[in-house]
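In the working numbering, the protein residues as written are 9 to 391.
Everything on this sheet refers to the single structure shown next.
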Ligand code: HEM
């Protein structure tokens, strides 16, 4: 039974993996570099392949596993297959509608968690999922990608922030309950403000986008300050690795916030703000959590090793090169940085696959995620 479930989850990982590979291919095409595939639509759908088809579907898959499976699997399936459908001969909006349906299912998977104890950490993630629904609805209606980007950004920022609020409880065990509750309610208010600003920025981008930048700076500052990563960076092994990935991610969110203060919706500066967010913040968070998320999803151990540090350094080093080149307008360095970004993500996948394949078979130390529902969006032990 468990074997069947694990295999089922592996099958669900497949469309996410294909979306990643096609998204990377499209990224190379957008940079004007040679790429294995040159489908006409690829560059136009790179953003949705990466955000909804790959990372978003991974988040939804983890959520579905933590919820115990069943209909919740329609979330990741819809998001990943919808993204792939945008490359089929069908009109692009068809893929958009399927992605939209997937994000609606993701939103619904939070319902039982919310009903259980009206937890502010869950409410923050619900707001994140709501922004994912909004992003897909706007995209399916043909709204230009730069106006969809704040919604996608908010989806990831709030999903991750909600989880960090939950994990912060571990470090606040000795704080008074009232203090903890006040901090969590403040985090919820800040998250609601972010949603409001994103909605307003869609209507009045001229002042709304700089306001979005200010709110991102506020979110990055508050969440980084309260994150247990500031303490665990002084530990060793996996907790230290995760903390390094988390703190670097917050730093990139600050960069993105600063760039939004003077928004530019095309060209090199646009590239810089996009990838400070999606590679610097989102992918660094994914990498920081990978050794704990993936075992919960595929129910196989993913031993942490020094190779993860190599991927982390490659990701941030190549991104720094790209963003600096973007801001200085140096084409060649931007291309090298972008190509190395692709290598970093492929190295992440290779490290994960090799670690899983060479690990001991699953033992008692591999948590059964359904037993940890409500423990957090990734249903695992705190990094
Ligand atoms: C790893 C290598 C990557 C490369 C080489 C790459 C390359 C690019 C390029 C060149 C653009 C066009 C920017 C412009 O118009 O100035 C772009 C846009 C974009 N990228 Fe990436 N990217 C990568 C990874 C990612 C990832 C991991 C994500 C999300 C998780 C992402 C999300 C986006 C989004 C949302 C857009 C906006 C698309 C649009 O405006 O149509 N990218 N990317």
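Ideal Cβ positions, reconstructed from N, Cα and C, are used throughout, including at glycine.
From residue 23 to residue 363, what distance separates their C-alpha atoms?
Within the chain shown, numbered from 1, the residue matching residue 23 stands at position 15. Within the chain shown, numbered from 1, the residue matching residue 363 stands at position 355. Going from the Cα of residue 23 to the Cα of residue 363 covers about 21 Å.
Run through DSSP, which three-state label would residue 162 get?
In the chain shown, counting from the first residue as 1, residue 162 sits at position 154. Reduced to three states, the DSSP call for residue 162 is helix.
Residue 239: buried (16+ other C-beta within 10 angstroms of its C-beta) or exposed?
For the purposes of this step, residue 239 is taken as the residue at position 231 of the chain shown. It is exposed - the Cβ of residue 239 has fewer than 16 other Cβ atoms within 10 Å.
Go ahead and label residue 35 buried or exposed: buried means 16 or more other beta carbons lie within 10 angstroms of its beta carbon, across all protein chains shown.
Indexing the chain shown from 1 puts residue 35 at position 27. Buried is the call here.
Can you tell me the Cα-Cα spacing of residue 27 and residue 154, whole angstroms?
Here the question's residue 27 lines up with position 19 in the chain shown. Here the question's residue 154 lines up with position 146 in the chain shown. Looking at the two C-alpha atoms, the distance is approximately 21 Å.
Grab the span of the alpha helix (DSSP H) containing residue 234 for me, first residue to last.
In the chain shown, counting from the first residue as 1, residue 234 sits at position 226. Unbroken alpha helix (DSSP H) run through residue 234: 213-234.
When you measure from the CB of residue 349 to every non-hydrogen atom of ligand 1, does any distance come out below 7 Å?
One-based indexing of the chain shown puts residue 349 at position 341. At least one heavy atom of ligand 1 is nearer than 7 Å to the Cβ of residue 349, so yes.
Within 8 Å, strictly: CB atoms of residue 415 and residue 95:
Residue 415 is absent from the model: the chain starts at 9 and stops at 391.
Taking the alpha helix (DSSP H) that residue 136 falls in, what are its first and last residues?
Along the chain shown, read from residue 1 onward, the residue named residue 136 stands at position 128. 128-148 is the span of the alpha helix (DSSP H), which, as asked, contains residue 136.
Residue environment, residue 126, which counts as buried when at least 16 other CB atoms sit within 10 Å:
Here residue 126 is taken as the residue at index 118 of the chain shown, counted from 1. By the 10 Å Cβ count, residue 126 comes out exposed.
Decide yes or no for the touch test of the segment 185-196 against the segment 146-165: beta carbon pairs closer than 8 Å, at least 3 of them.
no
Between 130, 265 and 51, which lies nearest to residue 168 when the distance is taken from Cα to Cα?
The residue you call residue 168 lines up with position 160 of the chain shown. For residue 168, the nearest C-alpha among the options comes from 130.
Considering Cα atoms alone, identify which of 172, 128 and 110 is closest to residue 142.
Locating residue 142 in the chain shown gives position 134, where the first residue counts as 1. That would be 110, whose Cα lies nearest to the Cα of residue 142.
Presumed contact (8 Å Cβ cut-off) between residue 70 and residue 237, rounded CB distance
Taking the first residue of the chain shown as position 1, residue 70 is located at position 62. Taking the first residue of the chain shown as position 1, residue 237 is located at position 229. With a Cβ gap of about 20 Å, residue 70 and residue 237 do not count as contacting.
Tell me whether residue 210 counts as near ligand 1, meaning its Cβ is closer than 7 Å to at least one heavy atom of that ligand.
As a working note, residue 210 is residue 202 in the chain shown. Not under cutoff, so the answer is no.
Given residue 135, which residues of its chain have a CB within under 6 Å of its CB, disregarding the five upstream and five downstream residues?
Taking the chain shown and counting its residues from 1, the one referred to as residue 135 is at position 127. Only 166, 199 and 203 meet the Cβ criterion.
Have a look at 331, 107 and 367 and flag the residue whose alpha-carbon is nearest the alpha-carbon of residue 311.
For the purposes of this step, residue 311 is identified with residue 303 of the chain shown, where counting begins at 1. For residue 311, the nearest C-alpha among the options comes from 367.
Could you say which of 343, 332 and 350 lies nearest to residue 319 if we only look at CA atoms?
As a position in the chain shown, residue 319 is number 311, starting the count at 1. Ranking 343, 332 and 350 by Cα distance to residue 319 puts 350 first.
On the criterion of 16 or more Cβ atoms from any shown chain inside 10 Å, does residue 274 qualify as buried, or is it exposed?
Locating residue 274 in the chain shown gives position 266, where the first residue counts as 1. Exposed.
Can you tell me whether residue 388 is buried or exposed? The criterion is at least 16 other CB atoms within 10 Å of its CB, across all chains shown.
On the chain shown, residue 388 is found 380 positions in, with the first residue counted as 1. In this prediction, residue 388 scores a pLDDT of 40, lower than 50, which makes its location untrustworthy; no coordinate-derived value is stated.
Identity of the residue in 283, 336, 340 and 361 nearest residue 313 by Cα
Residue 313 sits at position 305 when you count from the first residue of the chain shown. Looking at the Cα atoms, 361 is the closest of the given residues.
Please find out if some non-hydrogen atom of ligand 1 comes closer than 7 Å to the beta-carbon of residue 108.
Residue numbering aside, residue 108 sits at position 100 when the chain shown is read from its first letter. Because no heavy atom of ligand 1 lies under 7 Å away, the Cβ of residue 108 does not count as near it: no.
For residue 20, is the classification buried or exposed, using 16 other Cβ atoms within 10 angstroms of its Cβ as the cut-off for buried?
For this step, residue 20 is matched to residue 12 along the chain shown. Flag for residue 20 reads buried.
Would the beta-carbon of residue 261 be found less than 7 Å away from any heavy atom of ligand 1?
Taking the first residue of the chain shown as position 1, residue 261 is located at position 253. No, the beta carbon of residue 261 sits no closer than 7 Å to any heavy atom of ligand 1.
Between residue 49 and the rest of its own chain, which residues show a CB-CB distance below 6 Å, the 5 nearest in sequence each way excluded?
Numbered from 1 along the chain shown, position 41 holds the residue referred to as residue 49. Hits under 6 Å: 95.
Per-residue burial, residue 214 [other beta carbons within 10 Å of its own, 16 or more giving buried]:
Mapped onto the chain shown, residue 214 falls at position 206. So residue 214 ends up on the exposed side.
For residue 331 and residue 279, I'd like the C-alpha separation in whole angstroms.
The residue you call residue 331 lines up with position 323 of the chain shown. The residue you call residue 279 lines up with position 271 of the chain shown. If I take the Cα positions, the gap works out to 8 Å.
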